[in-house]
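The block underneath contains the structure these notes are about, expressed in structure tokens.
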Amino acid sequence: MELGVRIVLAVLVHQVAPVGGQQDAGHEGCVPGFQVKQYQVAFSGAFQKGQPLVQVEFDDCAANEDVTFEVSDPSFQVDGDLNLVPSEDVPYSGPLLIIHGVSAHADDLAEVEISGLPGESTHRLRNILGIGQTLPSRQKRTLLVPPMIVTENQRAPFPRTIGKSHVILSELGNHIFRLTGPGADQDPRGLFIIDIDSGEVSVSRSLDREAIDSYQLGVSTTDFAGNLVDGPALLLITVIDQNDNRPIFKETRYSGEVLEGSPTGTTVMRMTALDADDPATDNAALRYNIVRQSPDKPSPNMFYIDAEKGDIVTVISPTLLDRETLPTTTYELEIVAKDMAGSEVGLTGTATATITITDKNDHAPEFTHPLFEASVYEGSTGVVVNLTVDDRDDPATEAWRAIYSIINGDPTQSFEIHTNPDNNEGMLSVVKRLDYEATAFHTLLIKVENEEPLVPGVGYGPSSTATVHVTVLDVNEGPVFLPDPLVVTRMENIPVGSFVASLNATDPDILKMQSVRYAVLRDPAGWLSVNPVRGTVNTSSSLDRESPHVHHNKYTAVFIATDNGNPPATGTGTLIIYLEDYNDNAPYVVPSEAQVCEDTHDMNVAIVGGRDLDLPPNGAPFKIELGKAPGLDKTWKVTRVNSTHSQIMLLQNLKKANYQLPLVITDSGVPPLSNSTEIKVQVCVCKKNKMHCSSAHSHRHSLGGLLATLLLTLLCKYHHHHQTQDTSSSI
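Number 563 in the numbering used here belongs to position 578 of the sequence shown; there are no gaps in the numbering.
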């Protein structure tokens, strides 16, 4: 290779046009990056450390703050005056140096060509590139594709060149550049195009970094027949951010709370805005500021916001942060978030922060009056007076809600006090009836506290207690029966007019000396009378323990006593009479019917039992025996089974008919009572487990009478039919 031939490693040409409305205000038409892209330096011997070679021109359109440079050969650097200087003695150098300049507002490349290098440098470069000393006969290419950048939001005309790919040729030959990948021949198609001859890459339309911030494409070379010669090599295209997005708060209104009396510097809340621009640039570097406070009393700067974090903290002193003395308990702050680190050209977003000064219990409740008075009629209950209090704390909070208690003057616990939830008043009630004759005047001491404890240093004073005078008013009370109920025991069937009990009703109004009269209020059976003055109760009818008005041997009557007050008052008392049993009910036999087959071999007819309404010993044991009719004991027999039941038996079979068997039952009372009764016995024909009984009337005769009746019946039939009928009748 001829020594004068220039070997180009990489060229990155930036043509970044300013975007309307986004260029720096101090640099009209400024394009961020290297203002000159190519520089030349003549080689005249070894480079000395610190010797400036060339001064580059770089402007990021923002005063070049925080610009950094990187040189492809680490033996060189760019100093603060933008001079390219060796960082050490450099005996040899490559033919091309690439300088990469980066700031928050620009990212650009420039090349420095070193001319006049001795021949060894060419061989050294070839060794570095791996080309070798001897070139083969076939064509050999090396494809170099530098990274490229393009600024978002560029305006027409398009296409715009953003860089160039290169091929280092070992022999001259023909080749075509091709561009593949998303943004070229894949969606989004056609964003980037490449000149097939020169390798220049262009953008075809405006880009949006917030949609896609970088593209990875492939660059390759083919011959004219389409055969791949080299590649594909990676092409990284980075979209440079423009400040085209304003900060946005998640919500337009935020709410926070701070407790009154909080120390200065107490954090209230945090405001957070988001910016869609590149977070690595100032385009998304946000700063917060309070632009308005409403109201602005007692100070327009009661709160401060951390510019970077967005934390709102208190500035006002704890003594002034007093909910009860502030003009309002709610403050509204207008917060502005600005990007570009808060510079004048930054974009802004706004939100409102509402801060509520919350209450703490720093005020004790106080009664509005030291003395409350009430009056109540004796014998009544319910609320008698409402006690009112003042509390400067926040209503409807535990620091405001009151709890009342009676601390003196109620030894019998006749009063209770509760808080009215609607107005915080104390409702004093009578829960046990008061007696004017016992105590006509009550003095209560009431205390009020809050549900929430008071803050340290604040206590309950004398105004947190009050006195209540309750006057009991006299009413005409009804007479009271003692005892109530009155219980006595009496024998039933005592003579009419017999003494039963003596009622005792007293008038509670002992100071009035009133008289009392008695009367019957409820006497279900009408058995009693009462002397209206003396209160003695006598029988007006016979007492019957077996009456349906008597339950469990107990008869209940109610009497009324009326005083002579104005108006009269009444009282009621109950009289309970336990009735002792008298043998006044004769026993009876059950059941009243029985059935038996006429040809049965079992002569047992039925078992019958005795019943008695009286109580022992006036009931069982019972004696059950046959009646006094003659001849009964020839056919029937009664045998005792136990104290209440007996067995009825036949002594001989009877023909089909109905018979009335007379029995006599006697109880064990003193004197005993007997009862004559009859049992209907049906003698039936029994066939195939079925009984065919007679429906005729029952016979109430002895055996002889039954035979005579049968004979008379036969004679009558013979006389009327003039014929003899064989009749078999046997009883």
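For every residue, glycine included, the Cβ atom is placed at its ideal position computed from N, Cα and C.
Distance CB(residue i)-CB(residue j) smaller than 9 Å
i, j, result
"Val56", "Ile99", "no"
"Gly394", "Leu430", "yes"
"Arg255", "Gly216", "no"
"Val543", "Arg507", "yes"
"Ser577", "Ala605", "no"
"Ile650", "Ile609", "yes"
"Asp58", "Val75", "yes"
"Val575", "Ala546", "no"
"Ala336", "Glu236", "yes"
"Asp324", "Asp376", "no"
"Asn589", "Met634", "yes"
"Cys582", "Val666", "no"
"Thr624", "Gln637", "no"
"Ser240", "Glu351", "no"
"Ile197", "Ile134", "no"
"Leu719", "Phe19", "Lying outside -14 to 716, the shown extent of the chain, residue 719 is not represented and no answer is given."
"Ala218", "Leu129", "yes"
Own chain residues within Cβ distance below 7 Å of residue i, not counting five before or after
i, result
"Glu436", "Glu383, Arg386 and Ile388"
"Glu410", "Asn371, Leu372 and Thr373"
"Asp344", "Glu245, Arg308, Asp378, Asp379, Thr382 and Ala384"
"Ser60", "Pro71, Ser72, Glu73 and Val75"
"Asn538", "Arg530, Tyr563 and Leu564"
"Phe357", "Val370, Leu372, Ala451 and Val453"
"Leu598", "Glu531 and Asn570"
"Thr428", "Gly394, Thr452 and His454"
"Thr251", "Val243, Val298 and Thr299"
Integer Cβ distance of residue i from residue j, believed to fall under 8 Å
i, j, result
"Ile147", "Phe162", "About 14 Å separates the two Cβ atoms, so there is no contact after all."
"Val361", "Leu419", "6 Å"
"Leu164", "Val204", "6 Å"
"Glu477", "Glu565", "7 Å"
"Thr249", "Pro303", "7 Å"
"Val243", "Ile342", "6 Å"
"Ile301", "Tyr316", "10 Å between Cβ atoms; not a contact."
"Val457", "Thr491", "Val457 to Thr491, Cβ: 20 Å. No contact."
"Gly556", "Gly444", "Not quite, the Cβ-Cβ distance comes to about 52 Å (not below 8 Å), so this is no contact."
Same chain, Cβ closer than 6 Å to residue i, neighbours up to 5 away in sequence not counted
i, result
"Asn489", "Leu467"
"Pro602", "Ser653"
"His160", "Thr206 and Val214"
"Arg190", "Phe143"
"Gly327", "Arg272"
"Val655", "none"
"Asp587", "none"
"Ala89", "Thr266 and Asp267"
Local Cβ density within 10 Å of residue i, reported as buried at 16 or more and exposed below that
i, result
"Pro280", "exposed"
"Val188", "buried"
"Asn549", "exposed"
"Ser631", "buried"
"Gly446", "exposed"
"Gly595", "buried"
"Phe607", "buried"
"Met287", "buried"
"Phe426", "exposed"
"Thr310", "exposed"
"Asp44", "buried"
"Ile113", "Low confidence applies to Ile113: its pLDDT is 34, below 50, so where it sits in the model is not reliable enough to give any reading."
Residues of its chain near residue i, where Cβ-Cβ distance is below 8 Å and the 5 sequence neighbours each way are ignored
i, result
"Ser525", "Val481, Gly482, Gly511, Trp512, Leu513 and Ser514"
"Ser786", "Here the chain comprises residues numbered -14 to 716, so residue 786 is not present and cannot be evaluated."
"Val369", "Ala359, Ser360, Val361, Leu413, Ser414, Val415 and Val455"
Paired residues, beta bridge with residue i - DSSP
i, result
"Gln23", "Glu96"
"Lys149", "Glu185"
"Phe466", "Ala490"
"His348", "None, per the DSSP bridge assignment."
"Met476", "Glu565"
"Glu50", "Partner(s): none; Glu50 has no beta bridge."
"Val453", "Phe357 and Leu429"
"Leu67", "Note: Leu67 sits in no beta bridge, so no partner."
"Tyr77", "For Tyr77, which the question treats as bridged, DSSP gives no partner whatsoever."
"Met676", "Cys671"
"Tyr239", "Ala338"
"Ile275", "Ile320"
"Met133", "Ile222"
The ligand SAM heavy atom lying under 8 Å from the CB of residue i
i, result
"Thr373", "Although the ligand SAM was asked about, the structure shown includes no ligands whatsoever."
Neighbour flag for residue i against chain B, beta carbons, 9 Å
i, result
"Ile340", "Annotation note: the requested chain B is absent from the structure, which comprises a single protein chain."
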